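Novice: Just passing along the structure, written as structure tokens.
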Amino acid sequence: MSLRKLWFAPSGLLILLLLETGCIDGPFFQLKKLNPYIQNQWQADREKVVVFSERIEELRLLRDQIASMSEQEQLDWTNKLAGILQSETSPEIRREAVLTLEKVQHRPDALAALIPLAKDKNEKVRMTLVAALRKNQEESATNTLMAMSSSDASNNVKLAATRALGSHKSDSVKQFLGSKLEDRNIAVRFQASQALGELTGKRYGGDIDAWRQYVAGENVPEPELSLAETLESMLLLR
Numbered sequence: 079m080s081l082r083k084l085w086f087a088p089s090g091l092l093i094l095l096l097l098e099t100g101c102i103d104g105p106f107f108q109l110k111k112l113n114p115y116i117q118n119q120w121q122a123d124r125e126k127v128v129v130f131s132e133r134i135e136e137l138r139l140l141r142d143q144i145a146s147m148s149e150q151e152q153l154d155w156t157n158k159l160a161g162i163l164q165s166e167t168s169p170e171i172r173r174e175a176v177l178t179l180e181k182v183q184h185r186p187d188a189l190a191a192l193i194p195l196a197k198d199k200n201e202k203v204r205m206t207l208v209a210a211l212r213k214n215q216e217e218s219a220t221n222t223l224m225a226m227s228s229s230d231a232s233n234n235v236k237l238a239a240t241r242a243l244g245s246h247k248s249d250s251v252k253q254f255l256g257s258k259l260e261d262r263n264i265a266v267r268f269q270a271s272q273a274l275g276e277l278t279g280k281r282y283g284g285d286i287d288a289w290r291q292y293v294a295g296e297n298v299p300e301p302e303l304s305l306a307e308t309l310e311s312m313l314l315l316r
């Protein structure tokens, strides 16, 4: 006997059932007798799944193209994406919008649309924002990362924001990271030391005491490079 596929979506989930055909429609033949409301609800749930996946696909397509668009097109899409970030209830859609705006965050209007996401209720959205702002040297981006490093409700976001500050070259960031060396959380202290290494080029690694002395203005000798580190640096210079 042949097989046929039946798609339906209870509670918004799309399930694929393989039903064996015969004189009746398999064990779920009673589905035909369900009242019209339930049948309509299944159809509506299925349409929601399709619409959601299409929106994700469209945002990803836009992400690939927005950087090469004209000034006016970028302006139009930035405004539309800003509207999505303000009104969208789906965290995944907001996250995709952040990833798209990241491509044009050199635009003041795009950055202005991203900054408020520091207060987004969803941790993944805020983590995505941190990754985006890591690449932006504007003062508002730096200040946002410092605020997230200090007061975000998620420890993961705090750690990511602290580490991201390593790419923001300024004395204020250096002093801020220096203050994080005193944090009670050992993970925060470690991320601060890694960020300081990126920021300053110094090789104190995870030596928190050495970093404290350096930030305080002391002349702290750097440890000698190991043979492996020397070879690695030589390869990088080639």
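Note that this note's numbering has the sequence shown beginning at 79, numbered continuously upward.
Glycine included, every Cβ here is placed at the ideal spot set by N, Cα and C.
Given the structure is predicted, the values throughout are model-derived calculations rather than measurements.
Can you list, in chain order, the residues of its chain with a C-beta nearer than 8 Å to that of Arg172? Leave out the 5 residues immediately preceding and following it.
Specialist: Excluding positions up to five away in sequence, the list reads Ile162, Leu163, Glu166, Leu195, Asp198, Asn200, Val203.
Novice: Note the first and the last residue of the continuous alpha helix (DSSP H) segment covering Pro186.
Specialist: Run containing Pro186: 186-192, per the alpha helix (DSSP H) assignment.
Novice: Might you give, ordered along the chain, the residues of its own chain that have their beta carbon closer than 7 Å to the beta carbon of Gln183, omitting 5 neighbours on each side?
Specialist: Taken in chain order, the residues that qualify are Leu189, Leu192, Ala210, Asn214.
Novice: With 16 as the cutoff for other CB atoms within 10 Å, does Asn297 come out buried or exposed?
Specialist: Asn297 should be labelled exposed.
Novice: Along the chain, where does the alpha helix (DSSP H) that runs through Ser228 open and close?
Specialist: Its alpha helix (DSSP H) spans residues 217-229.
Novice: To the nearest angstrom, how far is the alpha carbon of Ser245 from that of Tyr292?
Specialist: Between Ser245 and Tyr292, the C-alpha separation is close to 18 Å.
Novice: Nearest by alpha-carbon distance to Asn157: which of Pro169, Ile144, Ser168 is it?
Specialist: With distances taken between Cα atoms, Asn157 lies closest to Ile144.
Novice: Which value, in whole angstroms, describes the spacing of the CA atoms of Glu174 and Glu132?
Specialist: Approximately 12 Å, taken between the alpha carbons.
Novice: In angstroms with no decimal places, state the Cα-to-Cα distance between Asp287 and Gly256.
Specialist: Each residue's alpha carbon lies about 11 Å from the other.
Novice: Would you kindly work out how many angstroms separate the C-alpha atoms of Arg212 and Met226, rounded to a whole number?
Specialist: Going from the Cα of Arg212 to the Cα of Met226 covers about 12 Å.
Novice: Using only alpha-carbon positions, find the residue among Pro169, Arg281, Val176, Ala294 that is nearest to Trp155.
Specialist: Comparing Cα-Cα distances from Trp155 to each of Pro169, Arg281, Val176, Ala294, the minimum goes to Val176.
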